[in-house]
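Take a look at the structure set out below.
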């Protein structure tokens, strides 16, 4: 028994070194084979023999998987102009190593070289998912932040601004409908007249039969005049009130179609405090009952597309042939006067015309961009459309060109970072790919 144990011990002592030797020998052979494959892969790559190089890289990868060698293989595809193989292999590498950044960066640079700017932002979303950081991708995103595409099947003869997620559009037959912020037709062009939707999703429309009523943003009829009067026009609905036209006179109405006692030749949208009105050659302001709030009269009061005069508690009124800025107490703001204006759109600057050129003014009446453009629209969401030398483009608050193209007209940018631009005889919806990918 003692002899048997001794034999076993001796065998173990002999076999262990032998196994170590074999393992070392196998490892050395494997590494030698690996290096041969890499050497051949690099040679074939330099010769432009992509298939052969690829085979050697794949053989090497089966022996040892190295991220650096995979990156080298990807570069081989690029050096030999094999975009299909590069894209496919890059996705494989990213799937295997989702938290290593180099393959993402190579793919982003590839997208830049091929003009696939939208894909850079899609890739950036994937990088952000894993909380990775990359100066390369960040710089590319900044470089192409003003690149755009056009919404498909979104081309109209006339368009309005985006309010509360929708814009009014007009087809070639002159009928009005609505599109959403990314250019999808929400309600077909079926109305003779239409107003923007309010924050409650309500809008006044006039149908093809000449009937006026209030609809929801799904097109459902929500409010009608119980007396079935021959209402010719409904205004924008604000704080439950809107203007109505009946028998060539305008009234202020609530949602139950209870009209104000006062009526005028025209009443604009009541903003919860004031509405602009016109009668007997004079413009003035009225309260919710239609009563004049002061004795002040004006030659004209500028309105936005919703018919609202005051935005940011500021309105532009015409006095002695020039526009001045006032607050809701009808006090003048600033000392400047203007030949023409586009009212404020949100919180940013309004556009104003001085000495036949357009610039920008803030709510304090201070000129922020000196007049220099042939035409200009107010700032919205960091962009403003301007006409320079007969061509429209967009600038930022630093007066730097941003979105450019062969636009013959342009509207304000929406909260969806889209904008209607006039090109090739139609209004088309431009979509900034940074925000729409």
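Residue numbers (the working numbering): 22 to 458.
Even glycine gets a Cβ: it sits at the ideal position worked out from N, Cα and C.
For residue i, does the count of other Cβ atoms within 10 angstroms reach 16, so buried, or fall short, so exposed?
i	result
residue 364	buried
residue 151	exposed
residue 141	buried
residue 96	exposed
residue 281	buried
residue 245	exposed
residue 49	exposed
residue 415	buried
residue 94	buried
residue 346	buried
residue 42	Residue placement at residue 42 cannot be trusted, given a pLDDT of 46 that sits under 50; the coordinates are not used to answer.
residue 398	buried
Residues in its own chain within less than 6 Å of residue i by CB, not counting five upstream and five downstream?
i	result
residue 468	Because the chain is modelled from 22 through 458, residue 468 falls outside the range shown and cannot be assessed.
residue 453	169, 438
residue 44	Per-residue confidence for residue 44 stands at a pLDDT of 48, beneath the threshold of 50, marking its modelled position as unreliable; the derived number appears in the next sentence. Correct list: empty, nothing qualifies.
residue 266	253, 254
residue 123	92
residue 143	458
residue 455	142, 166
residue 434	401, 402, 404, 440
residue 446	none
residue 462	Since the first residue shown for the chain is 22 and the last is 458, residue 462 is missing from the structure and cannot be characterised.
residue 99	107
For a test of the three-state rule: what should DSSP assign to residue i, helix, strand or coil?
i	result
residue 324	coil
residue 125	helix
residue 289	coil
residue 43	Below a pLDDT of 50, predicted positions are generally treated as unreliable, and residue 43, at 48, falls in that range; the measurement from the model is reported next regardless. Of the three classes helix, strand and coil, the one that applies to residue 43 here is helix, per DSSP.
residue 424	coil
residue 201	strand
residue 51	helix
residue 414	strand
residue 35	Any reading at residue 35 must be qualified, since the residue scores a pLDDT of 49, below 50, and its modelled position is unreliable; the value itself is stated next. Here residue 35 sits in helix by DSSP.
residue 258	coil
residue 131	helix
residue 267	strand
residue 456	coil
residue 151	coil
residue 397	strand
residue 58	helix
residue 182	strand
residue 329	coil
residue 243	strand
For residue i, report the span of its beta strand (DSSP E) as first-last.
i	result
residue 447	447-453
residue 208	206-215
residue 345	343-347
residue 171	169-177
residue 408	405-409
residue 378	378-382
residue 443	439-444
residue 100	Not the beta strand (DSSP E): residue 100 falls in the alpha helix (DSSP H), residues 88-100.
residue 372	371-375
residue 225	223-228
To which residues of the same chain is residue i closer than 8 Å at the C-beta, ignoring the five residues directly before and after it?
i	result
residue 20	In the structure as shown, the chain begins at 22 and stops at 458. Residue 20 is therefore absent and cannot be evaluated.
residue 429	412, 413, 443, 444
residue 343	358, 359, 360
residue 120	151, 153
residue 77	58, 59, 61, 62, 65
Between which residues of its own chain and residue i is the CB-CB distance below 7 Å, once the five residues before and five after are set aside?
i	result
residue 376	392
residue 243	223, 235, 236, 237
residue 314	295, 306, 307, 308
residue 340	319, 320
residue 103	71
residue 181	188, 189, 217, 326
residue 74	62, 65, 66, 97
residue 389	370, 381, 382, 383
residue 300	285, 286
Which first and last residues belong to the alpha helix (DSSP H) in which residue i is found?
i	result
residue 161	156-164
residue 75	71-84
residue 252	That residue, residue 252, is in no alpha helix (DSSP H); it is neither H nor E in DSSP.
residue 15	What the structure shows of the chain is the stretch from 22 to 458, and residue 15 is not part of that stretch, so it cannot be assessed.
On a CA-only basis, which of the options is nearest residue i? Give me that one, please.
i	options	result
residue 333	94, 425, 292	292
residue 335	304, 310, 384	384
residue 402	265, 285, 184	184
residue 83	101, 59, 121	59
residue 219	208, 260, 200	260
residue 149	199, 126, 275, 371	126
residue 88	100, 76, 101, 111	111
residue 80	52, 213, 68	52
residue 270	107, 285, 157, 176	285
Spell out whether any CB of chain B is found under 7 Å from the CB atom of residue i.
i	result
residue 59	Among the chains of the structure shown, chain B does not appear; only one protein chain is present.
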